[in-house]
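Please read the structure below before turning to the comments.
There are 2 protein chains.
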Amino acid sequence: MRIVLDAMGSDNCPVPDVAGALLAAEEFGEPIILVGDEARIRQELARQPNQNLKNIEVVHAPDAVLMDDKPGVVGKAKPQSSMHIGMNLVRDGLADAFVTAGNTGAAMAIATLYSLHRIPKVKRPALSAIVRLEGRKVILLDIGANADSKPEWLAQFAIMGKVYAQKALGLENPRVALLSNGEEDTKGSQLYQEASELLHALPLNFTGNIEPKEVLLGGADVVISDGFTGNVFIKTAEASMSLIFNAIRAQVESSWRYKFGALFLRPAFRSIYQNLDPVEIGGAPLLGVNGVVIIGHGRSDPRAIKNAIRQARAAVSGRIIDAIREGIQDSGTEAS
Amino acid sequence: MRIVLDAMGSDNCPVPDVAGALLAAEEFGEPIILVGDEARIRQELARQPNQNLKNIEVVHAPDAVLMDDKPGVVGKAKPQSSMHIGMNLVRDGLADAFVTAGNTGAAMAIATLYSLHRIPKVKRPALSAIVRLEGRKVILLDIGANADSKPEWLAQFAIMGKVYAQKALGLENPRVALLSNGEEDTKGSQLYQEASELLHALPLNFTGNIEPKEVLLGGADVVISDGFTGNVFIKTAEASMSLIFNAIRAQVESSWRYKFGALFLRPAFRSIYQNLDPVEIGGAPLLGVNGVVIIGHGRSDPRAIKNAIRQARAAVSGRIIDAIREGIQDSGTEAS
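If you're matching them up, the sequences are chains R and E in order.
Just so you know, we're using numbering that gives the first Met the number 0 here: the first sequence kicks off at 0 and counts up by one.
Just so you know, we're using numbering that gives the first Met the number 0 here: the second sequence kicks off at 0 and counts up by one.
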């Protein structure tokens, strides 16, 4: 299996990207193709303590997508970017998956409009995340690929989410729910009410609307939303939890008495912190694109890069693209 | 000042409602008009330890809105509900404000379509909440009155939110921001991008888009959203924080060592819990309706009912209706 890594992706690129590629090449024993500014990549490779470069390949890309590049124009404006050239390797059958810690919107636009394109009959790709909540894993989509959605797109997100849960969580018949402002079918905006009707008719275990609280309590395995609401949801959950942990930390630091008490509680805090992590595990797969694309955090460290590569490998082994193609075909959603 | 309280509002009505009315009549020394099933109200009044009924009046309403009544039909189906009759007292100048812990959607529909109607030139009322975050107060609207919105409505929500922040938070020039999935003006759905353009042109201190994290860190005094997203935001923040507190409680209970440590930390936890409360303070005002309407939690206890009445009194004293009328007129938003 050959995985392409965008060496110019992360906020501190190419430092964590190159180091992560080496970790992955070592652990998985198969080729990692670094795409980006070859001189900078070679310089960074030369700095690594691990000089076993057997499974490292470098493909030069003269340009790079920046975090503030506009998704709508970057695909056309920078046809020689590492993202563009890297995805084309997958499109042309020279590699099996593409991983980047770069600009999500740009990756979505380049994949959809210029390089890999969509899986046949998929209307829009969705950005998905696996979040961990007290030991359970929940798949959320769309968390930000599309700022505006249509009911038929949400219906397809549900099919793709189901397939992804089967592959990534090993669930045969995952519970799929629709994020909403109330549990009754009459709740939600027009978009959500129409999506709910479509979802009831699909071949999946659709359990209806779900409120944020129930999502956090593990009331569904796959939670469907439009990209705007899903993005607000995941960012709000993440920020709320951080706020509490930071407030606890600040309080504990404020007095010797609290510091003393906290000594006893340290393992408890650590366990809570590790089990309640609304931040995505590894990277976010761009589901619906005709090739495996995993998007990691901009602030990824080498370990996070390696984990995103691991996730890409699992998606390739699980034949996720074929499974989505079949799922969409069997669902009849292409006609709606 | 005469405040009308819906005696049939809360989940356990009329028990906490009647007791809250007595607390308020005692504390504020002015009339509270209880509207609802007169026999049940009198029965409940007779049970109270405090038998000073000097400032308590009762108006009979033969019907009541239930929590699962459909907002779209209940106004027409139950013209004799306590909500309907209570709001009419305000509309007809027989009282100054209406308070209910009942069905939010029904209160919105009855107020807008059947009883108080909108303040002239207001396109849609919005449900607002004041939340407390580490000692700061933030006003959010719309948190659920309208499942679908238009850009012009969001622009008016901003004007109403500004006026409400001036009155309720005492801020002369509150910072108004638009909830979004990114800080750049290009972020957000079409609705939000169009709203952002309108907001830049309004006579207010518009600071642009704001992400959930910055809302929680106090980056704005007034946060504007559509009712669907605002509802998901506030419910997600509330549920995320509860989840952490519950996880801490469960961990602490799980071992003697943790229980011992927690003894030292108890005041720290209490302080955090009290300062980080994304739950609304008292009730949520329905802004834009031509009369003061405050909607409390269904699970209100007598103290919460009293606080919602206090909030209604402050809105009446502050002449919030006049201020919103003037704000909307001066903004020119009625023409957009």
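Every residue, glycine too, gets a C-beta built ideally from N, C-alpha and C.
By the C-beta criterion, the stretch 293 to 305 of chain E is judged to be in contact with the stretch 95 to 102 of chain E, since at least 3 inter-stretch pairs fall below 8 angstroms. The shortest CA-to-CA distance from I55 (chain E) to any of E:M0, E:K69, E:M82 and E:P70 is the one to E:M0. The count of Cβ pairs closer than 8 angstroms, one atom from the stretch 246 to 265 of chain E and one from the stretch 170 to 183 of chain E, stays below three, leaving the stretches out of contact. Using a CB distance cut-off of 8 angstroms, S239 (chain R) counts as an interface residue toward chain E. Here DSSP, grouped into helix, strand and coil, assigns V64 (chain R) to coil.
A residue is called buried once 16 or more other Cβ atoms fall within 10 Å of its Cβ, and P61 (chain E), having fewer, is exposed. By the rule that beta-carbons nearer than 8 angstroms mark a contact, P13 (chain E) does not touch chain R.
Distances from the alpha-carbon of R90 (chain R) to those of R:Q79, R:A76, R:A105 and R:R117 put R:R117 closest. If you ignore the 5 residues before and after Y257 (chain R), its C-beta comes within less than 8 angstroms of the C-beta of Q250 and V251, all in its own chain and listed in chain order. Within the DSSP secondary-structure output, I31 (chain R) pairs in a beta bridge with R:I2 and R:I55. By the criterion of a C-beta distance shorter than 6 angstroms, D184 (chain R) is surrounded in its chain by S195, once the five residues flanking it on both sides are discounted. The C-beta separation of G134 (chain E) from N274 (chain E) comes to about 6 angstroms, placing the pair in contact by the 8 angstroms criterion.
Cβ proximity to chain R below 9 angstroms picks out E183, T185, K186, G187, S188, Q189, L190, Y191, Q192, E210 and P211 from the stretch 182 to 211 of chain E. Of all residues in the stretch 143 to 154 of chain R, those with a C-beta nearer than 8 angstroms to a C-beta of chain E are G143, A146 and D147, reading in chain order. Residue-level contact by beta carbon holds for A261 (chain R) and chain E, with a gap shorter than 8 angstroms.
Those residues of the stretch 285 to 314 of chain R placed with their C-beta closer than 8 angstroms to a C-beta in chain E do not exist. Residues of the same chain with a CB within less than 7 angstroms of the CB of L285 (chain R), apart from the 5 flanking positions on each side, are A106, M107, A110, P124, L126, A144, V292 and I294 in chain order. Residue nearest to G28 (chain R) within the set R:I320, R:R312 and R:D10 is R:R312 (criterion: CA-CA distance). For G181 (chain E) against N208 (chain E), the beta-carbon gap comes to about 7 angstroms, under 8 angstroms, which counts as contact. Nearest in C-alpha terms to P70 (chain E), of all of E:I40, E:L112, E:Q50 and E:I84, is E:L112. Boundaries of the beta strand (DSSP E) around S127 (chain R): A125 to L132. In this structure, the alpha-carbon of A303 (chain E) lies about 34 angstroms from that of P150 (chain E). Where R39 (chain E) is concerned, the enclosing alpha helix (DSSP H) starts and stops at E37 to R46. Listed along chain R are G143, A146, G226, F227, N230, V231 and K234, each with a C-beta nearer than 8 angstroms to that of N180 (chain E).
The Cβ-Cβ distance between L215 (chain E) and A238 (chain R) falls below 8 angstroms.
One finds nothing in chain E with a Cβ atom closer than 9 angstroms to the Cβ of R117 (chain R); even the nearest lies about 21 angstroms away. When secondary structure is reduced to three states using DSSP, N204 (chain R) falls in the strand class. For T99 (chain R), the three-state secondary structure derived from DSSP is strand. By the Cβ-count criterion, A200 (chain E) is exposed, with fewer than 16 other Cβ atoms from all chains shown falling within 10 Å of its own Cβ. Beta bridge pairing from DSSP links R265 (chain R) with no other residue. A buried status is given to Y163 (chain E), since no fewer than 16 other beta-carbon atoms sit within 10 Å of its beta-carbon.
Residue burial is scored here from C-beta neighbours: V3 (chain E) has at least 16 other C-beta atoms within 10 angstroms and is therefore classed as buried. In this chain, the beta strand (DSSP E) harbouring P284 (chain R) covers A283 to L286.
Per the coordinates, the alpha-carbon of G74 (chain E) lies some 11 angstroms from the alpha-carbon of S81 (chain E).
Counting C-beta atoms within 10 angstroms of its own C-beta, M86 (chain R) has 16 or more neighbours from the protein chains shown and is therefore classed as buried. Contacts between K120 (chain E) and chain R, judged by CB atoms closer than 8 angstroms, are missing: the closest CB pair is about 25 angstroms apart.
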